[in-house]
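Reading through the structure tokens given below for one structure.
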Amino acid sequence: MILVETISVLCNLFSLGLLVVATISPNWKIDKSDNLFKNIFPDYNEGLWVRCNQEIKSAKWICSGLDDVYKEIPLRIKISRIFIIASIVSHSLAFLTGIFGLTCISIGGHRPDFKYRLVKREPMSILEKIRFQNILSIIFHIIDLLSVLACTLSFTIPLLKDYYKPSQKLSPVSILKGSSVSLPSWCLYLLVASFFIVFINIGISVSLLE
């Protein structure tokens, strides 16, 4: 039992770390320009909060807030921000309630009065209180799971629609500027990894109810 609970805690921490890294990183979308003058139009990475361009001479990355890049921030970014924040909050709550539901935590087995004050219910046995906390953890995990899925889809689907749209006719302007190709970057893969880890953790939490 203690080994299973330890794995659950580690999965929680790891997937939460993935979410935080993905949230603050600019590597959600990478834009590559396929043109004759690529050095004039360098590649850039874009996240939920900043866009980073690479300088030609120094090869350094310079980042700017999306409020300075767009006149109006795209809807997909606004939606993704809401879902990723909801995911982090629900994941943190799932982690905390899961901690209180561990049999190996002292407040779970030796401080039933503390857990009674937390849940504000009629007196229950220690096992019932642990079960109640695990159920809360599962509920928050499900909210987290849905938020991660919604965030990933809301950001990725518009990119795929732009990528597979019919090519524009060649013109002097298109030859100079090239055809911009926007593709998902590695932060979206972190979200996918977090999704599967949370899914596994839900299974572990369900097994702890037995």
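Heads up: the sequence shown is residues 1 to 210, going by our numbering.
Ideal Cβ placement from N, Cα and C applies to all residues, glycine included.
Query	Result
So the candidates are L18, G47, Y189; which of them puts its Cα closest to the Cα of Y70?	G47
Leaving out five residues on either side along the sequence, give the residues of the same chain with a beta carbon under 8 Å from the beta carbon of L13.	F95
For a quick check, are the C-beta atoms of T156 and L188 less than 8 Å apart?	yes
Report yes if the C-beta distance between D144 and S87 is below 8 Å; otherwise report no.	yes
Measuring only the C-alpha atoms, how far is F100 from P158?	40 Å
In terms of alpha-carbon separation, which member of W186, I138, S182 lies closest to S207?	I138
Please specify which runs of the beta strand (DSSP E), each continuous and at least 3 residues long, are wholly inside the region 52-85, giving them in chain order.	61-65
Return the first residue and the last residue of the alpha helix (DSSP H) that N269 is part of.	A question about residue 269 goes unanswered here, because the residues of the chain that appear run from 1 up to 210.
Terminal residues of the continuous beta strand (DSSP E) containing N45?	44-46
By how many angstroms is the C-alpha of S182 removed from the C-alpha of H141?	31 Å
Find the nearest neighbour of L75 within the set C151, S205, I202, judged by alpha-carbon distance.	C151
Helix, strand or coil for N201 per DSSP?	helix
On the CB-based measure, 16 or more other CB atoms within 10 Å of its CB, does Q133 come out buried or exposed?	buried
Give every residue of the same chain whose Cβ lies closer than 6 Å to the Cβ of K67, excluding the five residues on either side of it in the sequence, and list them in chain order.	The residue asked about is misnamed: residue 67 is Asp in this sequence, not Lys. None.
Ignore the nearest five residues each way along the sequence and tell me which others in F211's own chain have a CB closer than 8 Å to its CB.	Absent from the model: residue 211. The displayed extent of the chain is 1 to 210, so no value can be given.
Under the DSSP definition of a beta bridge, which residues are partnered with D144?	Beta-bridge pairing links D144 to no other residue.
Taking the C-alpha atoms as reference points, what is the distance between I84 and L18?	11 Å
Can you round the beta-carbon distance between S8 and S194 to whole angstroms, since I take them to be within the 8 Å contact cut?	No, S8 and S194 are not in contact; Cβ-Cβ is about 15 Å, not under 8 Å.
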